[in-house]
Amino acid sequence: MFGWRAESLTTDISVEGFVRDKWKNASAETQKKLVQNIRTYGFMNNTKLKAGEYIEYPASPVSGKIITLSRGFSGDDIFVNTEYGLLRYYPQFRQFRYVMSGELSNKKIDYIENRGGEFWFGTNDEVKVYSQGKPGISLMHVRWLPELASDIYYEYLTGVYYLQDWGTVGGAVTFISLGKSEQTSESGEVVGSFFSYETAITASYGARIFPNLYGGLNFKLIYSALAPKIVVGHEKKSGTGTSFAVDVGLLYDGPIKGLSFGACAQHLGPNIQYIDAAQADPLPRNLKAGFAYRILNTDYQKLTLAADIDKEIIQFKSPDNPWLLEWHYAVKHIGLEYSYSNFFSLRGGYIIDYDYYPKSDSADKVSQPDYEYDPDDYISTNYFTFGIGLHYGNLQFDFAYIPKISDPENKGQVLPLSDIKRLSLTIEF
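In the working numbering, the protein residues as written are 163 to 591.
Encoded structure:
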């Protein structure tokens, strides 16, 4: 029979004894039902079985009562809804697999419906909705440090594609313009100019690792042109360099409904070499960790609280009590997002950054080679952020803004890290 297995007995035993040995942790009611099924479907009249005889018993959920059959996610596979849980049958592999999403593998499903590309699984107490990942592309433009220079900007293009049963693959291109700089001679005379920029090409992969745990990887090729075609003194190379890096991320759906945790390590790779190995510079390696909690989740309204910390992991700033200082000077973010009817989103946040640039009266001090780090020499830059999102059909538009912030030391001036606008457009297919 489908889903049943035959086993040769090594000793004389009763059906009840076989079930107790095979399913030690099952309840008495379940064991009783198994005994009944084995006897009924095995046409057994004997209470005792002899060594060497064969006994057939249920070995997978397919052995149970099949409630419904339905076309699966891809159209080629089949949902097999049994009294023991939900499975998918793959004709090309001739095998069954559990449907792990939403704990459907061990829940009794009363009905299955396909609505607009989404699958609705109804149980006796809730409805689970499964929506497959849609392929799409996103474009982002950021005016980076507009108070410092007008030709510093950030461009980002990415695309993703969902592979059924394998996960999600993606690719991205990043371009950062660092603006125009003047080339001077040893005497300070301007002899030319050059543009500095950095770019990276990324390949991505993400998939479910366990029912509540997801993982992702980025593989990057990095090209940095700080001073392209500029050769200084006796150096044999210009100020360009290449490297590669890996990002690793994890996402965990917590034990509390609506709560999830995430962490990632970015730019893990060898130092980038511009002139020679002795002058190689470390990549901007950093570690991020945070959480998100869905405070409100109705058909029309959603409210999400999110927070994270972002810490450089190049080196510790102080050998004395380093963990406390590292935590204190990590950048912290906290924010709220309110969404209505999956059409309009309103966002607000707050950033705490204690260590970005030195105070004016400490500039000479911190530039000395023998300088020992002192947090009192640096300005704390804490600021609010705002954003909106519009989602219509297959299009999504997002806008984020860091308002202008007055320099705490210089009245009438604005901090460089302010008045930053971020625009992005996402197209789903």
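Heads up, the beta-carbon is just placed ideally off N, CA and C, and yes, glycines get one too. From a predicted model like this one, the values you see are computed outputs, not experimental measurements.
Counterpart residues of residue i in DSSP-defined beta bridges
| i | result |
| --- | --- |
| Y273 | G284 |
| A362 | T336 and I384 |
| V576 | S568 |
| K210 | S176 |
| Q345 | G354 |
| K419 | None; K419 has no bridge partner. |
| G378 | G368 and G411 |
| I550 | L508 and F561 |
| P220 | W166 |
| R456 | T466 |
| L585 | H303 and F561 |
| N243 | T230 and L248 |
For residue i, the nearest candidate out of the options (CA to CA)
| i | options | result |
| --- | --- | --- |
| P390 | T402, L383 and D539 | T402 |
| S225 | R509, L211, G204 and G555 | G204 |
| F258 | S222, N207 and Q193 | S222 |
| F453 | V352, G424 and I513 | G424 |
| L421 | K195, D313, L465 and A362 | L465 |
| L585 | L310, R305 and N243 | R305 |
| E288 | S355, I299, I271 and D470 | I271 |
| E360 | T173, Q294, I175 and T404 | T404 |
| I274 | N243, L508, I217 and D239 | N243 |
| T588 | I314, Y219, M302 and G165 | M302 |
| Y292 | F283, Y414 and D472 | F283 |
| S176 | Y251, R167, K186 and N208 | N208 |
| I299 | Y563, I567, Q558 and D581 | Q558 |
| D538 | I514, V528 and Y323 | V528 |
| H490 | K290, S542, A525 and N448 | S542 |
| C426 | Y436, D438, L412 and I437 | L412 |
| L618 | D526, I471, A525 and L467 | Lying before the first or after the last residue shown, residue 618 is absent from the chain, which here runs from 163 to 591. |
| K399 | D438, G416 and Y414 | D438 |
Where residue i falls, given that 16 or more other Cβ within 10 Å makes a residue buried
| i | result |
| --- | --- |
| K227 | exposed |
| H429 | buried |
| F506 | exposed |
| V410 | exposed |
| I457 | exposed |
| L445 | buried |
| I418 | exposed |
| G555 | exposed |
| V335 | exposed |
| S312 | exposed |
| D183 | exposed |
| S349 | exposed |
| I550 | exposed |
| L310 | exposed |
| A362 | buried |
| A492 | buried |
| V197 | buried |
| R662 | With the chain running from 163 to 591 in the structure shown, residue 662 is simply not present. |
| D523 | exposed |
| S501 | buried |
| Y462 | exposed |
| L319 | exposed |
| Y533 | exposed |
| V322 | buried |
| P565 | exposed |
Proximity test, residue i beta-carbon vs the ligand ATP heavy atom, cut-off 7 Å
| i | result |
| --- | --- |
| D287 | The ligand ATP is absent from the structure shown, which contains no ligand whatsoever. |
Proximal residues to residue i (C-beta, below 6 Å), its chain only, five neighbours per side dropped
| i | result |
| --- | --- |
| Q575 | D569 |
| A369 | G329 |
| S366 | G332 and N380 |
| R233 | none |
| G354 | Q345 |
| I513 | H495 and Y545 |
| D239 | R250 and Y252 |
| Y315 | R305, W306 and S339 |
| G103 | The chain is shown only over 163 to 591; residue 103 falls outside these bounds and no answer can be derived. |
Close-in-space but distant-in-sequence residues of the same chain around residue i (CB under 8 Å, 5 per side omitted)
| i | result |
| --- | --- |
| K212 | L171 and D174 |
| I475 | A427, R447, N448 and L449 |
Other residues of its chain near residue i: CB distance less than 7 Å, five sequence neighbours each side excluded
| i | result |
| --- | --- |
| S386 | E360, T402, G403 and I434 |
| A407 | K382, I384, H429, L430, G431 and L445 |
| W166 | E218, Y219, P220, A221 and S225 |
| N504 | H553 |
| F180 | I217 |
| L325 | V331 |
| P578 | L307, E309 and L310 |
Chain B within 8 Å of residue i, Cβ atoms only
| i | result |
| --- | --- |
| T588 | In the structure shown, chain B does not exist; there is a single protein chain. |
query = Are the stretch 366-383 and the stretch 345-353 in contact at 8 Å, needing three or more beta carbon pairs?
reply = no
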